[in-house]
Each structure stands twice: as structure tokens, then as C-alpha cells.
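Just below is one structure, and these are the notes that go with it.
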Amino acid sequence: MAIRQSEPLVGRAAELAEFSTEEFGRRVLAETDRFRVVIAALEDGQEIPRHAPPLDMVMTIVEGIGQVMAGDQVHAVRAGDVVIVPAGQTRGLRAIGGRLVTVNVVSPPPGPGDHAGSATAWPVDEEVPDVGALILEEHAGLFPHLDHLGSLASDATTLGEGELRTRLREVLAFLRDDLLPHAREEEVSVYPAAEKVLRAVGGATRTMSIDHRFVGQMVGELSALGEGLLSSANKERIRRLLYGLQAVLQVHFTKENEVYVPLLNRLSPSERHQLHDRLSGGDGGDQNHHKES
Ligand SMILES: [Fe+2]
Ligand SMILES: [Fe+2]
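Under the working numbering, the first residue of the sequence shown carries the number 11, and numbering increases by one thereafter.
If you want it as C-alpha cells, here you go:
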């Protein structure tokens with residue numbers, strides 16, 4: 011089953027990976043007298059047992075997050091990390107929280123007895139705090155204040171000057187003392203932490219899709235209101251929705267312009283052709299005439 015590799019091979023490792031429900035997926039990409047290259051594909055929780063064959067190994071994590079055993083130490087690893095284990099020392103791998111794909115180069119190529127050594131169990135996981143729950147709790151405390159913003163917006167034009175100032179002071183106290191510090195803390199701790207994981211598992215555009223979902227819901231509400239009775243309460247809801255849509259869309263377009271548009275110019279030429287055809291209404295269907303060579 012080993013592939014004699016005499017031709018160069020270029021591919022996206024995560025796409026060459028083959029997963030398996032038994033043990034873990036492994037695909038031999040290349041084998042010569044000097045080395046063997048395997049793509050290991052682990053489903054969440056799967057592992058490569060710890061073993062210590064007489065082979066030098068370089069492992070590059072290309073997708074996901076997990077733990078690696080290198081020598082007598084367990085290390086947390088994620089996409090982008092590289093692991094080198096000299097011959098005779100223990101190595102092992104396990105996926106945590108989702109799929110994990112690695113490219114493993116071993117030299118010399120394994121012989122019949124090289125993987126027969128006894129595999130040892132992973133150490134028991136230490137207790138770790140639930141950071142996500144902490145942030146959800148903080149947001150749950152902030153959410154109710156958003157209603158105050160809306161109701162003050164509604165009342166702003168009819169309130170007397172004194173009352174308006176008082177309520178504005180309350181709202182500003184929340185915004186300055188709770189909301190802005192919360193946002194600043196996220197900038198220095200939560201976002202950099204999320205960024206590390208996003209780099210390994212992707213998903214950075216999901217926040218934008220959530221914007222689209224909100225915009226869709228607001229448009230739906232607005233059209234329903236437009237069809238119905240234009241009572242003063244409904245006029246008020248229409249006004250709130252229009253202001254809300256304006257704010258959400260301003261932020262949304264700014265995010266696309268500042269973050270996503272510059273990324274698109276880093277796509278490969280064929281990917282750019284394909285996307286350009288689609289967006290300009292050309293024939294996005296024919297993918298052959300932009301083949302990269
Ligand atoms: Fe937040
Ligand atoms: Fe958009």
C-alpha cells in the first residue's frame with residue numbers, strides 16, 4: 011500500500027486527509043527508501059497511541075487543536091505548530107474539541123516491527139476552568155441594559171429636560187463604566203485568545219453571517235410593520251428598526267471593507283478569477299479556463 015513517490019506532489023494537506031471511524035485516519039502520501047510521509051486525520055477524541063519507534067519524526071499540525079506527546083512530555087498543540095521527536099523517543103497525538111490533521115514525516119520508513127512496541131495510556135486530564143461560561147455570564151449582565159438604550163431613544167423627544175438629563179446620565183454611566191471597559195478587556199485578552207483558536211480551526215466569517223441574520227430579521231420585521239396598521243406604537247418600532255439597521259449596516263460594511271476586502275487580494279489567481287466571475291455576473295460555472303499552472 012505504500013506509494014513510491016517519484017513525482018513532486020503539491021496539495022492542501024487538510025484536503026488530502028482521510029478520516030476513519032476506527033482508530034484514526036492515516037494516508038501514506040509518499041514513501042521512499044529514505045522516508046515515509048503520512049497524513050494523520052483524527053476525529054475529535056481519537057488518538058495515535060504513544061509509542062517509541064526507532065524513527066526520527068517531524069510532525070506539522072495543519073488543522074485543529076490537540077495534544078502531542080514528545081519524549082516524556084505532553085504539549086498542547088494547534089495548527090501551525092511543528093513537533094520533532096528523535097528516534098527512540100515517545101510520540102503520540104490526540105484530537106481535542108474537533109478534527110485534527112497532521113503531516114508526519116518519519117525517517118527511515120518504518121519496517122515491519124517498528125510500530126509493534128507497547129503503547130502507553132495518556133495521563134488523566136487536569137481540571138480546567140470554563141472560561142466561556144464566565145464571558146456568557148458577563149454578557150448576560152450587560153444585555154438587559156440594552157433595553158434602556160432603546161427606551162430612552164423612544165422617550166428622548168418627549169421627556170422634559172431634567173428627566174432626559176437624568177436618564178442620559180444613567181445610560182452613560184453604564185456605557186462608560188461597564189460597556190467600554192468590557193470591550194477594552196476583550197481587546198486585550200478575549201480576542202487574542204480567540205484568534206489563536208481561529209487560526210487553527212477557521213470560522214472567522216461566522217460573526218459576519220450573524221450580522222446578516224440580524225439584518226434579515228430586522229428587514230422582515232420592518233416589512234411586516236409596513237403592511238400593517240401605522241399606529242403610533244408601530245411608527246415608533248419602525249423608527250427604532252431603521253436606526254438599528256443603519257447602525258448595524260454601517261458597522262457591517264466597515265468590517266467588510268477593512269478586514270475582508272484586503273484578504274481577497276491574497277487569494278490565488280484562479281480563486282480570484284472564479285470569485286470575480288461570480289460577483290460580476292460572468293460565467294462562474296466554468297472552472298476550467300482558470301486553471302493554475
Ligand atoms: Fe463582549
Ligand atoms: Fe455583508
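We treat Cβ as the ideally placed atom computed from N, Cα and C, and that holds for glycine.
Proximity test, residue i beta-carbon vs ligand 1 heavy atom, cut-off 7 Å
i, result
"residue 192", "yes"
"residue 155", "no"
"residue 196", "yes"
"residue 262", "no"
"residue 149", "yes"
Simplified DSSP assignment, three categories, for residue i
i, result
"residue 196", "helix"
"residue 78", "strand"
"residue 59", "strand"
"residue 102", "strand"
"residue 121", "coil"
"residue 267", "helix"
"residue 112", "strand"
"residue 181", "helix"
"residue 41", "strand"
"residue 148", "helix"
"residue 235", "helix"
"residue 240", "coil"
"residue 138", "coil"
"residue 36", "strand"
"residue 205", "helix"
"residue 17", "coil"
"residue 287", "helix"
"residue 88", "strand"
Spatial distance of residue i from residue j (CA atoms)
i, j, result
"residue 9", "residue 265", "For residue 9 there is no data in the structure shown, the boundaries of the chain being 11 and 303."
"residue 291", "residue 106", "42 Å"
"residue 296", "residue 283", "Here residue 296 scores only 48 on pLDDT, less than 50, and its place in the model should not be relied on; the value that follows carries that caveat. For residue 296 and residue 283, the distance between alpha carbons rounds to 11 Å."
"residue 96", "residue 188", "52 Å"
"residue 247", "residue 199", "37 Å"
"residue 230", "residue 218", "18 Å"
"residue 32", "residue 90", "26 Å"
"residue 40", "residue 280", "27 Å"
"residue 204", "residue 102", "26 Å"
"residue 178", "residue 197", "26 Å"
"residue 172", "residue 136", "57 Å"
"residue 146", "residue 59", "36 Å"
"residue 162", "residue 287", "47 Å"
"residue 214", "residue 170", "46 Å"
Cβ-based neighbour list, residue i, same chain, cut-off 7 Å, excluding 5 preceding and 5 following
i, result
"residue 28", "35, 37, 51"
"residue 192", "148, 152"
"residue 228", "251, 254, 255"
"residue 65", "97, 116, 117, 118, 120, 124"
"residue 23", "49, 72, 111, 113"
Distance cut-off 7 Å: residue i Cβ against heavy atoms of ligand 2
i, result
"residue 268", "no"
"residue 85", "no"
"residue 69", "no"
"residue 218", "yes"
"residue 286", "no"
"residue 222", "yes"
Nearest-angstrom Cβ-Cβ length linking residue i and residue j, presumed shorter than 8 Å
i, j, result
"residue 120", "residue 46", "6 Å"
"residue 85", "residue 78", "5 Å"
"residue 118", "residue 209", "Residue 118 to residue 209, Cβ: 33 Å. No contact."
"residue 174", "residue 166", "6 Å"
"residue 62", "residue 99", "6 Å"
"residue 69", "residue 112", "5 Å"
"residue 206", "residue 88", "7 Å"
"residue 277", "residue 285", "7 Å"
"residue 258", "residue 225", "6 Å"
Cβ shell of residue i (< 6 Å), same chain only, five flanking positions each side left out
i, result
"residue 21", "none"
"residue 232", "251"
"residue 104", "57, 76, 77"
"residue 94", "68"
Chain-order list of residues whose beta-carbon lies under 8 Å from that of residue i (same chain, five-residue window excluded)
i, result
"residue 244", "235, 238"
Within-8 Å CB hit, residue i to chain B
i, result
"residue 238", "The structure shown has no chain B; it contains just one protein chain."
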